[in-house]
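> This is the structure, below, for whatever I ask next.
Numbering (this note's numbering), first residue to last: 2 to 269.
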C-alpha cells in the first residue's frame with residue numbers, strides 16, 4: 002500500500018508541477034531538468050514509491066515517518082549541495098544547517114502519508130467501508146495536486162520567457178548582425194550568429210544572480226531576474242533583466258549541468 006500511494010503522490014506532484022508550466026507556456030521550449038518532462042514524471046513516480054515504502058515499512062509510525070523524512074531531505078539537499086563549488090567541510094556544515102530544519106518541515110507530509118496508509122489498512126477488515134477506505138488517499142492526492150500547482154511561473158516569469166523566445170526567433174532568422182535584436186547585437190561576450198544553435202530550452206530564475214554580477218546594474222536589485230538559454234550545440238546564453246520593462250544584458254557563458262558532476266573532495 003505504501004509503494005502504491007507514494008508512487009501515485011509522486012506521479013501527481015511531478016505531473017502537475019511541471020505540466021502546469023507546459024500548459025500555460027505551450028509554445029515555449031522549457032528547460033525541465035534533469036530528465037525532461039516524461040523522464041521527470043517517471044523519476045517522481047519511482048521516488049514517491051520508494052518514500053512510500055520507507056514510510057510504511059517499519060511497524061512503528063514514528064520510525065517510518067522519521068526515516069522517510071530523512072531520506073527525502075538527504076536526496077533533495079544533497080543534490081543541491083553537490084552542484085556548489087565548495088569544499089567537503091563547507092558542504093557538510095551547509096548540509097546540517099539546511100537539512101535539520103528541512104527534515105522537521107517534511108515530518109507533517111510524511112505523517113499524513115503514514116496516517117493515510119494506516120487508515121486504509123485498518124479499514125480492510127471492514128467489508129462495509131469500501132468507499133471510505135479511499136477517501137483519505139483521494140484527499141491526499143488532491144492536496145498534493147494543489148500544492149504542486151503553486152509551481153506555476155509567476156506573471157513576470159511568463160512574460161520574460163515569452164519575450165525571450167520571441168527575441169531568439171528573430172535572432173535565429175537574422176542573416177546579419179544588423180538584423181539582430183539590440184540585446185543580441187550588444188552581447189557582453191560571444192557572437193549570436195556563430196554561437197547560437199538551432200534548438201534551445203529556456204529557464205527563468207531570480208535566485209543566485211550574483212554569478213552573473215557583471216550583467217547586473219548596481220540598482221534595483223530586487224527586480225532583477227534572468228532567462229537562461231541552453232542551445233542544442235552546447236552553448237548557453239544568459240540574459241539578465243534589470244526589470245520586466247527593460248532590455249536585458251546578455252552574454253554567452255557556460256552554465257552548470259542539470260545533473261551535478263563534481264569531485265566529492267575539493268580544496269577548502
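Idealized CB from N, CA, C, for every residue including glycine.
Since we're looking at a predicted model, the values are computed, not measured.
Decide if the region 175–193 is in contact with the region 207–214; the criterion is three or more beta carbon pairs, one per stretch, under 8 Å apart.
With the cut-off at 8 Å, the region 175–193 and the region 207–214 do not touch.
> Would you say residue 36 and residue 26 are within 8 Å of each other, going by their C-beta atoms?
For the purposes of this step, residue 36 is identified with residue 35 of the chain shown, where counting begins at 1. For the purposes of this step, residue 26 is identified with residue 25 of the chain shown, where counting begins at 1. No, Cβ-Cβ distance for residue 36 and residue 26 is not below 8 Å.
> By Cβ distance, which residues of its chain are closer than 6 Å to residue 204, with the 5 residues on each side in sequence left out?
For the purposes of this step, residue 204 is identified with residue 203 of the chain shown, where counting begins at 1. Same-chain partners within the cutoff: 32 and 229.
> Provide the residue(s) that pair with residue 201 in DSSP beta bridges, ordered along the chain.
Here residue 201 refers to the residue found at position 200 of the chain shown. Answer by DSSP bridge pairing, in chain order: 232.
> Quick check on the DSSP output: the alpha helix (DSSP H) that includes residue 193 runs from which residue to which?
On the chain shown, position 192 is the one that residue 193 refers to. Run containing residue 193: 193–196, per the alpha helix (DSSP H) assignment.
> Express the C-alpha separation of residue 11 and residue 145 in angstroms, rounding to a whole number.
Counted from its first residue, the chain shown places residue 145 at position 144. Counted from its first residue, the chain shown places residue 11 at position 10. Their backbone Cα atoms lie some 9 Å apart in a straight line.
> What do you get for residue 3, buried or exposed, if any count of 16 or more other CB atoms within 10 angstroms of its CB means buried?
Within the chain shown, the letter at position 2 stands for residue 3. Buried.
> Is it true that the CB of residue 29 sits closer than 8 Å to the CB of residue 140?
Within the chain shown, the letter at position 139 stands for residue 140. Within the chain shown, the letter at position 28 stands for residue 29. Cβ atoms of residue 140 and residue 29: not closer than 8 Å.
> Spatial neighbours of residue 50 within its chain, please: C-beta separation below 7 Å, excluding the five flanking residues on both sides.
Residue 50 sits at position 49 when you count from the first residue of the chain shown. Counting only Cβ-Cβ distances below 7 Å, and skipping sequence neighbours, we find 4, 7, 8 and 11.
> Are the beta-carbon atoms of residue 1 and residue 21 separated by less than 8 Å?
Lying outside 2 to 269, the shown extent of the chain, residue 1 is not represented and no answer is given.
> Measure how close the beta-carbons of residue 221 and residue 243 come, nearest whole angstrom, since I'm counting them as under 8 Å.
Start at 1 with the first residue of the chain shown, and residue 221 comes out as number 220. Start at 1 with the first residue of the chain shown, and residue 243 comes out as number 242. Contact holds; Cβ gap of about 6 Å.
> Check whether the Cβ atoms of residue 190 and residue 253 lie closer than 8 Å to each other.
Taking the first residue of the chain shown as 1, we reach residue 190 at position 189. Taking the first residue of the chain shown as 1, we reach residue 253 at position 252. Closer than 8 Å, so yes.
> So residue 224 is in the alpha helix (DSSP H); what residue range does that whole segment cover?
Within the chain shown, residue 224 is the residue found at index 223, counting from 1. Looking at the DSSP string, residue 224 is not in any alpha helix (DSSP H), and its letter there is neither H nor E.
> Closest by CA to residue 217, which one among 200, 199, 195 and 241?
Residue mapping note: residue 217 aligns to position 216 of the chain shown, counting from 1. Ranking 200, 199, 195 and 241 by Cα distance to residue 217 puts 241 first.
> Once you ignore the five residues that flank residue 157 on each side, which residues in its own chain have a CB closer than 8 Å to its CB?
Working through the chain shown from its first residue, we reach residue 157 at position 156. Excluding residues within five positions, the ones whose Cβ falls inside 8 Å are 226 and 245.
> To the nearest angstrom, report how far apart residue 53 and residue 104 are at their CA atoms.
Taking the first residue of the chain shown as position 1, residue 53 is located at position 52. Taking the first residue of the chain shown as position 1, residue 104 is located at position 103. Distance between the alpha carbons of residue 53 and residue 104 is about 16 Å.
> Closest by CA to residue 58, which one among 111, 16, 14 and 76?
On the chain shown, position 57 is the one that residue 58 refers to. Comparing Cα-Cα distances from residue 58 to each of 111, 16, 14 and 76, the minimum goes to 111.
> The alpha helix (DSSP H) spanning residue 14 covers which residue range?
Position 13 of the chain shown, counted from the start, is the residue given in the question as residue 14. Element bounds for residue 14: 3–25.
> In angstroms with no decimal places, state the Cα-to-Cα distance between residue 46 and residue 13.
Counting from one through the chain shown, the residue named residue 46 turns up at place 45. Counting from one through the chain shown, the residue named residue 13 turns up at place 12. So the alpha carbons of these two residues sit roughly 8 Å apart.
> Can you give the Cα-Cα distance for residue 71 and residue 120, rounded to whole angstroms?
On the chain shown, position 70 is the one that residue 71 refers to. On the chain shown, position 119 is the one that residue 120 refers to. Rounded to whole angstroms, residue 71 to residue 120 spans 23 Å at the Cα level.
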